[in-house]
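Here is the structure we will look at.
Number of protein chains: 2
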Amino acid sequence: MIQNLNKHERESLHEALAKSGQKITPQREIVYTVLLAQRDHPTVDEVYHRALETMPGLSLATVYNCLETFVGCGLVRQVNHERESTRYCPNLAPHAHFRDESTGRVHDIELPKEILDQLTKILPANFETETIEISFQGRTKTSNKN
Amino acid sequence: MIQNLNKHERESLHEALAKSGQKITPQREIVYTVLLAQRDHPTVDEVYHRALETMPGLSLATVYNCLETFVGCGLVRQVNHERESTRYCPNLAPHAHFRDESTGRVHDIELPKEILDQLTKILPANFETETIEISFQGRTKTSNKN
DNA sequence: TTGAGATTTTGAATCATTCTAAACGGCTAA
DNA sequence: TTAGCCGTTTAGAATGATTCAAAATCTCAA
Ligand SMILES: [Mn+2]
Ligand SMILES: [Mn+2]
Ligand SMILES: [Zn+2]
Ligand SMILES: [Zn+2]
Numbered sequence: 084m085i086q087n088l089n090k091h092e093r094e095s096l097h098e099a100l101a102k103s104g105q106k107i108t109p110q111r112e113i114v115y116t117v118l119l120a121q122r123d124h125p126t127v128d129e130v131y132h133r134a135l136e137t138m139p140g141l142s143l144a145t146v147y148n149c150l151e152t153f154v155g156c157g158l159v160r161q162v163n164h165e166r167e168s169t170r171y172c173p174n175l176a177p178h179a180h181f182r183d184e185s186t187g188r189v190h191d192i193e194l195p196k197e198i199l200d201q202l203t204k205i206l207p208a209n210f211e212t213e214t215i216e217i218s219f220q221g222r223t224k225t226s227n228k229n
Numbered sequence: 084m085i086q087n088l089n090k091h092e093r094e095s096l097h098e099a100l101a102k103s104g105q106k107i108t109p110q111r112e113i114v115y116t117v118l119l120a121q122r123d124h125p126t127v128d129e130v131y132h133r134a135l136e137t138m139p140g141l142s143l144a145t146v147y148n149c150l151e152t153f154v155g156c157g158l159v160r161q162v163n164h165e166r167e168s169t170r171y172c173p174n175l176a177p178h179a180h181f182r183d184e185s186t187g188r189v190h191d192i193e194l195p196k197e198i199l200d201q202l203t204k205i206l207p208a209n210f211e212t213e214t215i216e217i218s219f220q221g222r223t224k225t226s227n228k229n
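So the protein sequences, as listed, match chains H and Y.
Converting from the first sequence to this note's numbering requires adding 83 to each position, the first position being numbered 1.
Converting from the second sequence to this note's numbering requires adding 83 to each position, the first position being numbered 1.
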């Protein structure tokens, strides 16, 4: 059902892990594969159930561990909305998130560098930003299957 | 220790509650007073302990209830950072939040309308925004007592 | 003054996440 | 080859913010 990682994907997984002294494991490979296969910002539980189809016996704790590892080495971003379960996103380009309240789905919104620059400028001089999160909430109109 | 609400503040509390068919109660008055007295984005627990000094016997559940009520009638905003406890903010002007990772403090950042407009423009045409959240994380430099 | 409905209170329940400790696996030095 | 080391995985318990349930209390219009 789920394709394996291609050479390039496996390479970037290996490289990111190696950079922080960690190894590729079958579990990590599958979890990462699941994230790349369907970029719909799944929760831990969703990742878990998708991964189970390829690797029965995989444990939920391991999915937590893998995702935490990926976040730690910069391969994946966490996406939070209100108090809902944390979601995971393998899109490394700077982007915002739009959460559709009627479907619960989370969409990537491309973020022009120019806007990021402007945002940085509204901060007092002594505020040093490490990360900026922008999230929209609303609804998508019309019969749109996306 | 904590000043009462002034005429204007009590008025806007009453008005906001009335609009959604709810009443002023001593508990709600105190919780709102606590929020206005120290605009440092307190957690529920912090609001609770501050309010206890004025009204011993107040319950934590009531603080949850009051804050939920205020959010519901638009008097107060929730502020979330990662998976930490929800914080509350009575600043109704459009603004972003900067969270200082070294102190844990959350600062209001004034948000030019112009930037909000630009942000809305990066969305696909059929995306209707209800709210936009912008949050910075980083550190404040130098010996700054703010 | 009274009763209906709103609010408060206590304590239990929920549930995503984290923690603990034991089992596992691969790798290397002897 | 074997023994030990260390990172990883696993199952299950613990945590902690938040929500829920039910009973007590309060408010206010009639
Ligand atoms: Mn968020
Ligand atoms: Mn946030
Ligand atoms: Zn994303
Ligand atoms: Zn604020």
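Ideal Cβ placement from N, Cα and C applies to all residues, glycine included.
Computed from a prediction, not measured in an experiment: that's the story for all the values here.
Checklist entry - By the criterion of Cβ-Cβ separation under 7 Å, what are the contact partners of Gln86/H in chain Y? => result Along the first sequence, read from residue 1 onward, the residue named residue 86/H stands at position 3. Going along chain Y, no residue has its Cβ under 7 Å from Gln86/H, so there is no contact; the nearest lies around 28 Å.
Checklist entry - Are Leu96/Y and Glu112/Y closer than 9 Å when you measure CB to CB? => result Numbered from 1 along the second sequence, position 13 holds the residue referred to as residue 96/Y. Numbered from 1 along the second sequence, position 29 holds the residue referred to as residue 112/Y. Yes, these two residues count as a Cβ contact at 9 Å.
Item to check | Listed by chain order, chain H residues near Phe219/Y by CB distance under 9 Å | outcome: In the second sequence, the residue the question calls residue 219/Y occupies position 136. Neighbours of Phe219/Y on chain H, chain order: Leu202, Thr203, Leu206, Phe210, Thr212, Glu213, Thr214, Ile215, Glu216.
Checklist entry - Is the Cβ of Glu129/Y closer than 9 Å to any Cβ of chain H? => result Residue numbering aside, residue 129/Y sits at position 46 when the second sequence is read from its first letter. No - not a single Cβ of chain H is within 9 Å of the one on Glu129/Y.
Item to check | Given Val210/Y as reference, the closest of Asp191/H, Ile215/H, Ile205/H once Cα atoms are compared | outcome: Within the second sequence, the letter at position 127 stands for residue 210/Y. As written in the sequence, residue 210/Y is Phe, which differs from the Val given in the question. If we check each option's Cα against that of Phe210/Y, Asp191/H comes out closest.
Next on the checklist: Would Thr116/Y and Gln86/Y be called neighbours here (beta carbons separated by less than 9 Å)?
Outcome noted: Locating residue 116/Y in the second sequence gives position 33, where the first residue counts as 1. Locating residue 86/Y in the second sequence gives position 3, where the first residue counts as 1. Yes, these two residues count as a Cβ contact at 9 Å.
Next on the checklist: Tell me which residues pass a beta-carbon proximity test against ligand 4: closer than 5 Å to any heavy atom, given in chain order.
Outcome noted: Cys172/Y, Asn174/Y, Asp191/Y
Next on the checklist: Count Cβ pairs between the segment 198-215 of chain H and the segment 214-223 of chain Y that sit closer than 8 Å; are there 3 or more?
Outcome noted: yes
Item to check | Same chain, Cβ closer than 6 Å to Ala99/H, five either side skipped, listed in chain order | outcome: Position 16 of the first sequence holds residue 99/H. The answer, listed in chain order, is Cys156, Leu158.
Checklist entry - For ligand 3, any of its heavy atoms closer than 8 Å to the Cβ of Val189/H? => result Here residue 189/H refers to the residue found at position 106 of the first sequence. Correct: Val189/H has its Cβ closer than 8 Å to ligand 3.
Checklist entry - When the cut-off is 9 Å and only beta carbons count, does Lys224/H lie next to chain Y? => result As a first step, residue 224/H must be located in the first sequence, where it is residue number 141. Taking Cβ atoms only, chain Y reaches closer than 9 Å to Lys224/H, which makes this a yes.
Checklist entry - Whose C-alpha, out of Val189/H, Thr223/H, Pro207/H, is nearest the C-alpha of Glu193/Y? => result Within the second sequence, the letter at position 110 stands for residue 193/Y. Closest option to Glu193/Y, Cα to Cα, is Pro207/H.
Checklist entry - Does DSSP classify Gln161/H as helix, strand or coil? => result Translated into the one-based positions of the first sequence, residue 161/H becomes position 78. It is a strand residue.
Checklist entry - Are any of the Cβ atoms in chain Y nearer than 9 Å to that of Phe181/H? => result The residue given as residue 181/H occupies position 98 in the first sequence. Judged by the 9 Å Cβ criterion, Phe181/H is in contact with chain Y.
Checklist entry - Comparing the C-beta of Lys102/Y with each C-beta of chain H, is any distance below 9 Å? => result As a working mapping, residue 102/Y is identified with position 19 in the second sequence. So no, Lys102/Y is outside the interface.
Item to check | Asn227/Y versus Thr225/H: straight-line alpha-carbon distance, rounded | outcome: Within the second sequence, numbered from 1, the residue matching residue 227/Y stands at position 144. Within the first sequence, numbered from 1, the residue matching residue 225/H stands at position 142. For Asn227/Y, the pLDDT reaches just 44, beneath the cut-off of 50, and the residue's location in the model is therefore unreliable, although a value from the coordinates is still provided. Cα-Cα distance, rounded: 50 Å.
Checklist entry - Excluding the five sequence neighbours on either side, which residues of its own chain have a C-beta within less than 7 Å of the C-beta of Thr186/Y, listed in chain order? => result As a working mapping, residue 186/Y is identified with position 103 in the second sequence. There are no such residues.
Checklist entry - How would you list, in chain order, the residues of chain Y whose beta-carbon sits under 8 Å from the beta-carbon of Arg166/H? => result Within the first sequence, the letter at position 83 stands for residue 166/H. Here the neighbours are Asn163, Thr169.
Checklist entry - In or out: Thr223/Y buried (at least 16 other Cβ within 10 Å) or exposed? => result Residue mapping note: residue 223/Y aligns to position 140 of the second sequence, counting from 1. With 16 or more other Cβ atoms within 10 Å, it is buried.
Checklist entry - Of all Cβ atoms in chain Y, is any one closer than 9 Å to the Cβ of His190/H? => result As a first step, residue 190/H must be located in the first sequence, where it is residue number 107. Yes, His190/H counts as interfacial toward chain Y.
Checklist entry - Going straight from the alpha carbon of Asn229/Y to that of Ile107/Y, what length do you get? => result Within the second sequence, the letter at position 146 stands for residue 229/Y. Within the second sequence, the letter at position 24 stands for residue 107/Y. Per-residue confidence for Asn229/Y stands at a pLDDT of 46, beneath the threshold of 50, marking its modelled position as unreliable; the derived number appears in the next sentence. Using only the alpha carbons, I get a separation of about 34 Å.
Checklist entry - So what's Glu216/Y in DSSP terms, helix, strand or just coil? => result Numbered from its first residue, the second sequence carries residue 216/Y at position 133. In the structure shown, Glu216/Y sits in a strand (DSSP, three-state: E or B).
Item to check | Under 8 Å from the C-beta of Ile198/Y: neighbouring residues of chain H | outcome: Translated into the one-based positions of the second sequence, residue 198/Y becomes position 115. Near Ile198/Y (Cβ distances below 8 Å), the residues of chain H are Ile198, Gln201, Leu202, Ile205.
Checklist entry - Taking C-beta to C-beta, are Leu119/Y and Tyr171/Y nearer than 9 Å? => result Translated into positions along the second sequence, residue 119/Y becomes position 36. Translated into positions along the second sequence, residue 171/Y becomes position 88. For Leu119/Y and Tyr171/Y, no; Cβs fall outside 9 Å.
Item to check | Buried or exposed by the 16-neighbour rule on C-beta atoms within 10 Å, applied to Ala179/H | outcome: The residue you call residue 179/H lines up with position 96 of the first sequence. Flag for Ala179/H reads buried.
Checklist entry - Taking 8 Å as the cut-off, is the CB of Arg133/Y close to at least one heavy atom of ligand 3? => result As a working note, residue 133/Y is residue 50 in the second sequence. Because no heavy atom of ligand 3 lies under 8 Å away, the Cβ of Arg133/Y does not count as near it: no.
Checklist entry - Between His124/H and ligand 3, is the CB less than 8 Å from at least one heavy atom? => result In the first sequence, residue 124/H corresponds to position 41, counting from 1. Within the cutoff, so yes.
Next on the checklist: So, with DSSP's three-state summary, where would you put His178/Y?
Outcome noted: By one-based count along the second sequence, residue 178/Y stands at place 95. Correct three-state label for His178/Y: strand.
Next on the checklist: So, at 8 Å on beta carbons, what are the nonlocal neighbours of Leu141/H in its own chain, with the 5 sequence-adjacent residues on each side left out?
Outcome noted: Within the first sequence, residue 141/H is the residue found at index 58, counting from 1. Correct list, in chain order: Gln110, Ile113, Tyr131, Ala134, Leu135.
Checklist entry - In three-state terms, what does DSSP make of Ile232/H? => result Because chain H in this structure spans residues 84 to 229, residue 232/H falls outside the shown range and cannot be described.
Next on the checklist: Would Gln105/Y and Thr152/Y be called neighbours here (beta carbons separated by less than 9 Å)?
Outcome noted: Stepping through the second sequence from its first residue, residue 105/Y is reached at position 22. Stepping through the second sequence from its first residue, residue 152/Y is reached at position 69. Their beta carbons are under 9 Å apart, which means Gln105/Y touches Thr152/Y by this criterion.
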